[in-house]
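In terms of numbering that gives the first Met the number 0, the sequence shown has 77 at position 78, counting the first letter as 1, and numbering is strictly consecutive. Note that the Cβ used here is the ideal one computed from N, Cα and C, for glycine as well. Quick notes on the structure that follows.
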Amino acid sequence: MDQAPALDIDPFAASFFDDPFPAHAALRDAGAVVFLPRHGFYAAARWQEVHAMLNDWQGFCSSRGVGVSDFAREKPWRPPSLVLEADPPAHTRARTVLDRALAPAALRPLRAALAEAAAECVEAALAAGECDAIPALAEAFPLAVFPDAMGLTREGREHLLPYGSLAFNAFGPDNELRRAALAEAAPHVAWVGAQCRRENLAPDGIGAAIHAAADRGEITAEEAVLLVRSLLTAGLDTTVSAIGAALHCLATFPHAFAQLRADPTLARAAFEEALRLESPVQTFFRTTTRPIEVDGTTLGEGDKVLLFLCAANRDPRRWDRPDEYDLSRRTAGHVAFGSGVHMCVGQLLSRLEGEALLTALARRVAAIEPAGPPVRRHNNTLRALAHLPLHLRAA
Ligand code: 4IA
0 MDQAPALDID PFAASFFDDP FPAHAALRDA GAVVFLPRHG FYAAARWQEV HAMLNDWQGF
60 CSSRGVGVSD FAREKPWRPP SLVLEADPPA HTRARTVLDR ALAPAALRPL RAALAEAAAE
120 CVEAALAAGE CDAIPALAEA FPLAVFPDAM GLTREGREHL LPYGSLAFNA FGPDNELRRA
180 ALAEAAPHVA WVGAQCRREN LAPDGIGAAI HAAADRGEIT AEEAVLLVRS LLTAGLDTTV
240 SAIGAALHCL ATFPHAFAQL RADPTLARAA FEEALRLESP VQTFFRTTTR PIEVDGTTLG
300 EGDKVLLFLC AANRDPRRWD RPDEYDLSRR TAGHVAFGSG VHMCVGQLLS RLEGEALLTA
360 LARRVAAIEP AGPPVRRHNN TLRALAHLPL HLRAA
């Protein structure tokens, strides 16, 4: 069987983060799977293979870690996630608990608070006229709703974003970003670890709902702590990145913003298309459980494969005009939330947040214009902005 084509690319380098798109195209065009000799792992960047691998948990497992590090050979930096870093049947048991805690019935009561907080954030940004939309909107809005929804105490919330940033950097190779994040980890890890405990969570929040599953015997008390940790890890930096991406898209595609203004019910579509185009979670890995053939190339057992979600979401083999932000596009099938048994358990809350913020924007803002160049925030997993200077004009 053929060997995979090799490409001399480092997908965890600063230059890659600044402009990943030419390398995405090179990866897609080189083959269905490509070997990256600099790191010693494989990559998949076409939609078809990324989607197929995400839906084959038997062949492409998560329990050996979804980062560079192979848990079969290296000790993980923290106890593994019971959902992200697990396979069925263990995964199914833990996932069922989170499914219920984040189900429509559990989240419906949040809608009013989301709309109110979104309106306040947009009003505050408008009052300033010119703003840095990352702290002012992309961070301020999720921070105003998510920690309360989880039931967290007010003190120490400044640890949440650094903890997420650490976890997402830790999926990468042993580079400067990962080393720097781990060197600063201790206070963030300690705070988040303590907040996952039942006695530190408000009785009416999502965190308490997870602990209630332990009372019903669905999971143990210690498992509940780790499942709360999953939501605190995955639930904030991701939505910050997604909302930042949507604001960037709306500022750079004025026609799309005009459509959104004319019809605020397009908020959901505007958020979804930003997810497809920018894909907050850029990449993660699977590990092969046996020799597997992919389009004529045979992978061995225990090989790491890096799945390029954003490259799949812009694959011209799957999407028309893939680099265009188009509110009328049928986005179904994008893999920004993953696919298969691990598909984002928080996607409903994510969409409610995105919809609330973009609806508030559509109702209150007449024009969004760039007020300076955006500045990227480099991370081994997340595509994110550090700064997005915008000029907002009130409607
Ligand atoms: C967890 C891939 C990302 C969104 C994610 C990160 C962490 C966890 C889950 C998902 O800690 O369980």
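Opening and closing residue of the beta strand (DSSP E) in which residue i lies
i	result
Arg-329	Unbroken run through Arg-329: none, as it is neither H nor E.
Thr-296	296–298
Ala-42	40–43
Asp-131	129–131
Ile-291	291–293
Phe-256	Run containing Phe-256: none in the beta strand (DSSP E); it sits in the alpha helix (DSSP H), 253–261.
Leu-35	33–35
Heavy atom of the ligand 4IA within 6 Å of residue i beta-carbon
i	result
Val-280	yes
Val-144	no
Thr-232	yes
Ser-349	no
Leu-159	no
Leu-235	no
Leu-246	no
Val-340	no
Val-224	no
Val-293	no
Val-82	yes
Ser-229	yes
Strand pairing of residue i, partner residues [DSSP]
i	result
Cys-60	Thr-286
Phe-70	BP columns for Phe-70 are empty, so no partner.
Phe-307	Thr-282
Pro-388	Asp-131
Leu-235	The partner list for Leu-235 (beta bridge, DSSP) is empty, contrary to what the question assumes.
Ala-5	Phe-34
Glu-368	His-390
Leu-381	Val-280
Inter-residue CB distance, residue i and residue j (contact presumed, cutoff 8 Å)
i	j	result
Leu-97	Leu-351	Not confirmed; about 16 Å, so no contact.
Glu-277	Ala-244	4 Å
Leu-225	Leu-348	Contact flag wrong, Cβ pair sits at about 19 Å.
Pro-10	Thr-282	7 Å
Ala-311	Ala-44	7 Å
Leu-391	Cys-120	Actually they do not touch by this definition, with Cβ atoms about 11 Å apart.
Ile-242	Phe-140	6 Å
Residue interval of the alpha helix (DSSP H) (run including residue i)
i	result
His-50	46–53
Arg-350	346–363
Leu-151	Taken as a continuous stretch (DSSP letters only), Leu-151 belongs to no alpha helix (DSSP H), as it is neither H nor E.
Arg-99	89–100
Arg-376	Premise fails: Arg-376 lies in the beta strand (DSSP E), 374–376, not in any alpha helix (DSSP H).
Asn-168	159–169
His-341	Neither: His-341 is in no alpha helix (DSSP H) and is coded neither H nor E.
Asp-431	One cannot answer for residue 431 here, as it falls past the ends of the chain, which runs 0 to 394.
Ser-395	Only positions 0 to 394 of the chain appear in the structure, and residue 395 is not among them; the question remains open.
Test: residue i CB closer than 7 Å to a CB of chain B
i	result
Glu-84	Structure shown: chain B not included; a single protein chain is present.
Query raised in the report: How do the stretch 239–255 and the stretch 263–273 stand: do at least 3 beta-carbon pairs fall below 8 Å, yes or no?
Result: yes
Requested in this report: Evaluate contact between the stretch 355–364 and the stretch 111–128, counting only Cβ atoms and requiring at least three cross-stretch pairs below 8 Å.
Outcome: yes
Query raised in the report: Within the chosen definition, does the stretch 89–96 reach the stretch 211–226 through at least 3 CB pairs nearer than 8 Å?
Result: yes
Query raised in the report: Counting Cβ pairs closer than 8 Å, one from the stretch 297–310 and one from the stretch 367–380, do we hit at least three?
Result: no
Requested in this report: Could you tell me whether the stretch 326–333 touches the stretch 64–78, using the rule of 3 or more Cβ pairs below 8 Å?
Outcome: no
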